[in-house]
Structures are given as structure tokens and as C-alpha cells.
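Accompanying notes for the structure given below.
Number of protein chains: 2
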Amino acid sequence: MTSATVHCPVVTEREQFLVNFFRDVWNAGDADACATYLAPAYTIHHDPGDAWAGQTLDVAGFQQRLQRSRAPFPDQTFEIRGLFEAQGSVVVTWDWHGTHHGDLPGFPATGKALTMSGITEYRFTDGRLSGHWQVVDRLTLFQQLQAQRSTATA
Amino acid sequence: MTSATVHCPVVTEREQFLVNFFRDVWNAGDADACATYLAPAYTIHHDPGDAWAGQTLDVAGFQQRLQRSRAPFPDQTFEIRGLFEAQGSVVVTWDWHGTHHGDLPGFPATGKALTMSGITEYRFTDGRLSGHWQVVDRLTLFQQLQAQRSTATA
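Protein chains in written order, with this note's numbering: chain A, 49 to 202; chain B, 49 to 202.
Here's what the structure looks like:
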């Protein structure tokens, strides 16, 4: 991850581990790298709107989630705003940018730039990621998609 | 705040301070208590959809924000799921419950129960709260309000 996409001090080993995870997995889309970062079982404890919310995934399941999540936005970038390690977790505050290159349900691809933000609490087991509790500002994304559809059909 | 509304260990003094702030200010709606918890200047650094996003408020300004925010949901309760103190901040993960007793723009009061969740990073100056960076799952709330309107007009 470049300095351009981390806007806070990286203080602890687990925070650096998460910076690398975002760089390799969510930003670069390297599915093979999942095996480096993930525990054998990864639980999506809370993530409203995520298709896998409530599920526990193995590495192959997480790779499917990664590929399906990134498909509409192949150039997506997470910018890390803050890193907070406590109670065995690392909380990440982030902004997200992506170009709408693939279809979403009800929203065909437009090629337009989109942005949103979120906060994720990552949990660890034996030094690897074993789950998260996340809230994403989905309404901002939904409103951008609706505005694009209105423009397209006007 | 009762044990029923804090679902995690409270480890540090600042975490206890925040538990008390939620209990007195956001749950009980005690505007006078703001002076106990807030620094002279409180900045809403990031809070998509909040009417005061980007602004810096004095205590009186925060009291107005509190009263306007709670008016539609006078029985609102925040349940604290996690507390994470690091880098001088405390991050709080939370669920929210409220009954829709007052009108919102476009959504007249229905008396129905609503729920949502969010995560807030609270910042401190001289031991008091001086701002936050927050993401709320507003789409969940929006969808509940829309579903109620559909029912009301069916």
C-alpha cells in the first residue's frame, strides 16, 4: 500500500498486517494472497447488506466473496484514515473509491466514479484475520447509483 | 447505562467516560450533561448524512444537535457492542433502537420500532470529547421508513 492510501500512523504489527491485507487483497484483488492473511475460518459477524453477513467462510469461500465484491469495481481503492488496535482487534476507518465498470442488481455499469466510506473492526485468531464487525455508508453509494440511473434515462 | 446496554468489557477510563456519555446524553437526552462531557469545541469530522457534518460546535450548538436528533425518537437507546481505545481515540461499535414518534422530512411519525447500527471514533482534548469520525448504516433506516410508508398508503 502506498503512502498515498494510508493517511495515519501505522503503530503496531497487526496494524501493518491489515495495511498489507488491504493493499494485496481488497485493492490489488490478489485472491492467492488470502491464504497469507486469513485464519481457516472467517466470520462476518455484522455487515448489513453484505451477501455473506452472518456466515463463516473458509479461504476458498472468502476468495469467492472477494471476486464477487470486486467484479463491479475492478479498480477499487480503499484509503485508510485511521488504525486503532485494542482488545485484540484492529479498527480501520476508511474511504473507498471505485469506477462502476460491472453491473450491479438493478444498476447496469455506467463507467462513473463512485465514493463511500466505512469502519471495520477486524478480529484475529493466531495472528490471522478471523472475522469482522462492519458498517458501510451504503446510502451514499445507493444515492450515487440512483442519480446515475436518472441521468441515463433522462 | 445499565449492563443490558453495554455488551463488552469497559477497560479504560476514557471508555467508561464514553459509556456515561451515551447513558446521559444520547440515551437519556440530558442536554445539561453535555457540559460535563464536551470540550469547548466539538468537530463533526466525518458523518455522512448528519446535518452538522463538517461543523465545529460549542456546547450550546451540540445541545441543539442533540435535541433535534432525538426529537423524532424520544425513547432512543444505543447499545454498545465494543469499545476500543487507541491513538488517543475511543472507537465505539453500536446498535440503535428507537420508536418513530416524531416526523422526519418525508416520513411522518408512525409509532413503529426502528433499528440500525453504526461505528464512531471519538476524539478527546484535555479529557473531554472534541469530535468524531462516524459511519451509520443509514440505508437500513431508510428502507424501514420506506416500508412503513408503503404499508401506510396501501
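Here a beta-carbon is modelled for each residue, glycine too, at the ideal position from N, C-alpha and C.
State the CB to CB distance for the pair residue i and residue j, rounded to an integer number of angstroms; the pair is presumed to be in contact (CB under 8 Å).
i, j, result
"residue 144(B)", "residue 165(B)", "7 Å"
"residue 146(A)", "residue 110(A)", "19 Å between Cβ atoms; not a contact."
"residue 126(B)", "residue 142(B)", "5 Å"
"residue 118(B)", "residue 124(B)", "6 Å"
"residue 170(A)", "residue 138(A)", "5 Å"
In angstroms, rounded to a whole number, what distance separates the CA positions of residue i and residue j?
i, j, result
"residue 106(B)", "residue 105(A)", "46 Å"
"residue 197(B)", "residue 191(B)", "10 Å"
"residue 108(B)", "residue 62(A)", "40 Å"
"residue 168(B)", "residue 132(B)", "10 Å"
"residue 193(A)", "residue 187(B)", "13 Å"
"residue 152(B)", "residue 100(B)", "16 Å"
"residue 56(B)", "residue 177(A)", "20 Å"
"residue 172(B)", "residue 134(A)", "17 Å"
"residue 199(A)", "residue 189(A)", "16 Å"
"residue 103(A)", "residue 67(A)", "24 Å"
"residue 76(A)", "residue 140(B)", "30 Å"
"residue 52(B)", "residue 149(B)", "23 Å"
"residue 82(A)", "residue 81(B)", "47 Å"
"residue 195(A)", "residue 195(B)", "21 Å"
Relative to the alpha-carbon of residue i, which residue among the options has its alpha-carbon at the smallest distance?
i, options, result
"residue 59(A)", "95(B), 56(B), 136(B), 83(B)", "136(B)"
"residue 115(A)", "79(A), 189(A), 90(A)", "79(A)"
"residue 97(B)", "131(B), 183(B), 156(B)", "183(B)"
"residue 175(B)", "169(B), 57(B), 131(B), 87(B)", "87(B)"
"residue 54(A)", "155(A), 149(A), 129(A), 186(A)", "129(A)"
"residue 95(B)", "148(B), 185(B), 195(B), 82(B)", "185(B)"
"residue 92(B)", "195(B), 199(B), 189(B), 179(B)", "179(B)"
"residue 65(A)", "148(A), 103(A), 84(A), 76(A)", "84(A)"
Nearer than 7 Å: is that true of the beta carbon of residue i relative to any heavy atom of the ligand HEM?
i, result
"residue 114(A)", "For the structure depicted, the ligand HEM is absent and the ligand set is empty, with no information on it obtainable."
Examine the Cβ distances between the region 70-78 of chain A and the region 147-167 of chain B and report whether three or more of them are shorter than 8 Å. no
Using a Cβ-Cβ cut-off of less than 8 Å, list which residues of the region 128-157 of chain B approach chain A; keep chain order. 129, 130, 131, 132, 133, 134, 135, 137, 139, 141
Residues of the region 183-199 of chain B with Cβ closer than 9 Å to any Cβ of chain A, in chain order: 183, 184, 185, 186, 187, 188, 189, 190
What residues in the region 73-104 of chain B bring their beta carbon closer than 8 Å to a beta carbon of chain A? 94, 96, 97
Contacting positions in the region 156-173 of chain B - beta carbon closer than 7 Å to chain A: 165, 166, 167, 169
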